[in-house]
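All remarks here apply to the structure that follows.
Residue numbers (this note's numbering): 46 to 557.
Written as structure tokens, this is what we have:
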């Protein structure tokens with residue numbers, strides 16, 4: 046079983062003209078939840094030269110808004126955060142990969158982080174929320190479960206400054222941890238950063254944890270989608286020692302003292318998110334933990350998502366984690382039809398729709414002219430053929446998905462083109478060309494010289510090869526038109542290069 050609540054880092058709408066400082070502001074909020082109400086406490090704040098949160102899909106009624114105001118109550122910015130109070134739990138059959146059960150759980154306590162613009166004009170932060178009056182059966186039902194009245198919690202600038210001026214507070218609250226880069230392609234400011242952290246590993250098992258983390262990393266990068274984007278992401282391992290080996294198993298009445306408080310209950314696995322953010326936040330930069338994955342030291346099948354994804358060491362765990370990443374990072378909907386169906390509004394996710402026509406469907410431009418609309422599942426089309434297949438997002442009828450079977454419907458299936466297009470756009474949104482990195486591979490370059498990055502190699506003349514990051518070398522007859530410049534990423538026969546330029550402007554000399 047796994048649960049999800051889409052990632053919390055959402056879009057910033059900046060209102061008016063503001064003279065922001067170079068720094069951004071990170072806020073960590075603890076949320077205590079009751080039926081129909083939530084209490085919020087600001088537990089950590091820090092400034093730094095990091096990016097603010099990224100844009101994500103449309104809002105729902107239960108979202109939390111993080112609003113910055115000046116001393117005259119003028120709104121400076123507004124960031125939307127999906128409410129993490131309710132966990133939407135799914136149980137898959139590991140032998141078939143098909144959905145078995147869907148239910149929702151109200152978490153007693155949750156935590157989330159959000160990165161906002163910093164400004165000298167900032168007087169206070171407001172959290173504007175619409176409490177959930179009941180536990181919805183799935184994410185689509187959350188709007189129907191939200192009450193109309195909103196509540197506002199305020200954090201003063203004085204409180205924020207006090208937390209900023211106590212940099213050791215987080216360290217004192219967190220267990221000691223170390224970090225190691227497993228896959229490094231560039232600066233966190235210009236890459237998607239995935240953090241793997243283990244729970245339930247005692248001191249004598251840290252070698253085992255290193256091996257387990259390597260397997261998880263390899264499993265993620267073995268997925269064709271992630272493999273094609275490996276130059277746009279970093280993967281980091283965080284080591285933290287638990288007092289006990291293994292994790293708490295509620296359904297078996299087994300209790301363990303672990304650093305992250307991870308719990309397995311049936312096929313549901315989840316950690317104490319406050320502990321996760323405290324420990325990971327102590328050893329990573331604010332924009333170096335875009336996706337946190339907790340690895341629970343148990344071979345039981347299970348996993349979970351939300352603001353922090355969780356997996357176990359079962360042989361199918363990585364496949365379950367990829368499905369969860371589809372929710373948490375890519376904001377994709379489930380494409381199966383099990384659960385309670387709500388069709389009051391067009392879903393915000395890009396892989397499901399209420400529109401039954403080719404012209405109105407979100408992926409209509411990818412549907413071949415010879416594909417029947419709606420598309421019968423018994424048409425014996427090759428899996429991956431794009432159409433309008435009936436059933437998706439917990440609805441048997443009236444909701445459509447793009448392909449017959451994908452990873453968002455059944456574990457072990459490919460993503461397919463519609464989901465891949467959405468996922469690629471999100472990964473690309475983190476990426477900025479340039480930076481240095483390390484990895485494996487070999488390649489040849491265009492011109493003469495050597496290059497380092499994801500791959501190393503030498504070459505003369507015109508060749509093709511692999512390699513991203515920062516390379517050094519020369520390029521014959523450099524284009525004087527200004528089309529290219531230092532640090533540009535260029536494609537040569539489908540391979541990517543970072544340009545480092547040397548100019549020879551002596552009379553009669555070539556431009557290099």
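The beta-carbon is built from N, C-alpha and C at its ideal position, and this holds for glycine as well.
Exercise for review: Sort 364, 207, 464, 122 by Cα distance to residue 141 and report the nearest one.
Suggested key: 364
Check your understanding: Using the beta-carbon count (16 or more within 10 Å), is residue 295 buried or exposed?
Key -> exposed
**Study point:** Local Cβ density within 10 Å of residue 248, reported as buried at 16 or more and exposed below that
**Key:** exposed
Review point. Between the stretch 67-74 and the stretch 298-309, do three or more beta carbon pairs fall short of 8 Å?
Key: no
Practice item. Report the three-state DSSP secondary structure of residue 565 (helix, strand or coil). Key: Nothing about residue 565 can be reported from this structure: the residues present for the chain run from 46 to 557 only.
Point to revise | residue 475 - containing alpha helix (DSSP H), residue span | key: 462-475
Practice item. Starting from the C-beta of residue 96, find all residues in its chain whose C-beta is less than 8 Å away, skip the five residues before and the five after it, and write them out in chain order. Key: 69, 160, 234, 332
Point to revise | Per-residue DSSP class, three states only, for residue 148 | key: strand
Review point. Per DSSP, what kind of secondary structure is residue 373 in: helix, strand or coil?
Key: helix
Check your understanding: So, helix, strand or coil for residue 535, using DSSP?
Key -> In this predicted model, residue 535 has a pLDDT of only 44, less than 50, meaning its place in the structure is not dependable; the value taken from the coordinates is given anyway. Strand at residue 535.
Point to revise | Enclosing beta strand (DSSP E) for residue 237 [first to last residue] | key: 237-244
Review point. Using the beta-carbon count (16 or more within 10 Å), is residue 299 buried or exposed?
Key: exposed
**Study point:** Counted within 10 angstroms of its Cβ, other Cβ atoms place residue 432 as buried (16 or more) or exposed
**Key:** buried
Point to revise | Whole-angstrom distance between residue 416 and residue 330, CA atom to CA atom | key: 48 Å
Exercise for review: Whole angstroms is fine: what's the gap from residue 255's alpha carbon to residue 126's?
Suggested key: 33 Å
Exercise for review: For residue 58, I'd like the list of residues in its chain whose CB is within less than 6 Å of its CB, leaving aside the five on either flank, ordered along the chain.
Suggested key: Reliability fails at residue 58, whose pLDDT of 31 lies under 50, so the model's placement of it is uncertain and the value that follows must be treated cautiously. Cβ neighbours of residue 58 beyond the five flanking positions: 123.
Point to revise | Boundaries of the beta strand (DSSP E) in which residue 444 is found, first to last residue | key: 440-446
Exercise for review: Could you tell me whether the stretch 310-325 touches the stretch 152-167, using the rule of 3 or more Cβ pairs below 8 Å?
Suggested key: yes
Practice item. Pair every Cβ in the stretch 402-417 with every Cβ in the stretch 348-366, then say whether three or more of these pairs are closer than 8 Å. Key: no
Practice item. Pull up the DSSP beta-bridge partners for residue 162, would you. Key: 69
Practice item. Flag this pair as yes or no: are the beta carbons of residue 241 and residue 472 separated by less than 8 Å? Key: no
Check your understanding: DSSP three-state call for residue 323: helix, strand or coil?
Key -> helix
Review point. Ends of the alpha helix (DSSP H) at residue 414?
Key: No alpha helix (DSSP H) holds residue 414; DSSP gives it neither H nor E.
Check your understanding: Where residue 324 and residue 284 are concerned, what is the direct C-alpha to C-alpha distance, given to the nearest angstrom?
Key -> 10 Å
Point to revise | Cα-Cα separation between residue 457 and residue 297, rounded to whole angstroms | key: 29 Å
Practice item. Kindly provide the ranges of any alpha helix (DSSP H) runs that are 4 or more residues long and lie completely inside the stretch 288-350, ordered along the chain. Key: 318-328
Practice item. Would you give the residue range spanned by the beta strand (DSSP E) that residue 202 belongs to? Key: Where residue 202 is concerned, there is no enclosing beta strand (DSSP E), although the alpha helix (DSSP H) it sits in stretches over 202-209.
Check your understanding: Who are the Cβ neighbours of residue 441 in its own chain at under 8 Å, not counting the five residues just before and after it?
Key -> 382, 386, 435
Point to revise | Under the three-state DSSP convention, the category residue 424 falls into | key: helix
**Study point:** Nearest to residue 336 (by Cα), restricted to the options 291, 375, 115
**Key:** 375
Point to revise | Chain-order list of residues whose beta-carbon lies under 8 Å from that of residue 344 (same chain, five-residue window excluded) | key: 357, 358, 359
Review point. Excluding sequence positions up to five away, which residues of its chain have a Cβ less than 6 Å from the Cβ of residue 338?
Key: 241, 354
Exercise for review: Measure from the alpha carbon of residue 209 to the alpha carbon of each residue in 224, 420, 87, then state which is nearest.
Suggested key: 87
**Study point:** Rounded C-alpha distance that separates residue 446 from residue 94
**Key:** 41 Å
Review point. Where residue 398 and residue 165 are concerned, what is the direct C-alpha to C-alpha distance, given to the nearest angstrom?
Key: 43 Å
**Study point:** Distance, residue 378 Cα to residue 464 Cα
**Key:** 10 Å
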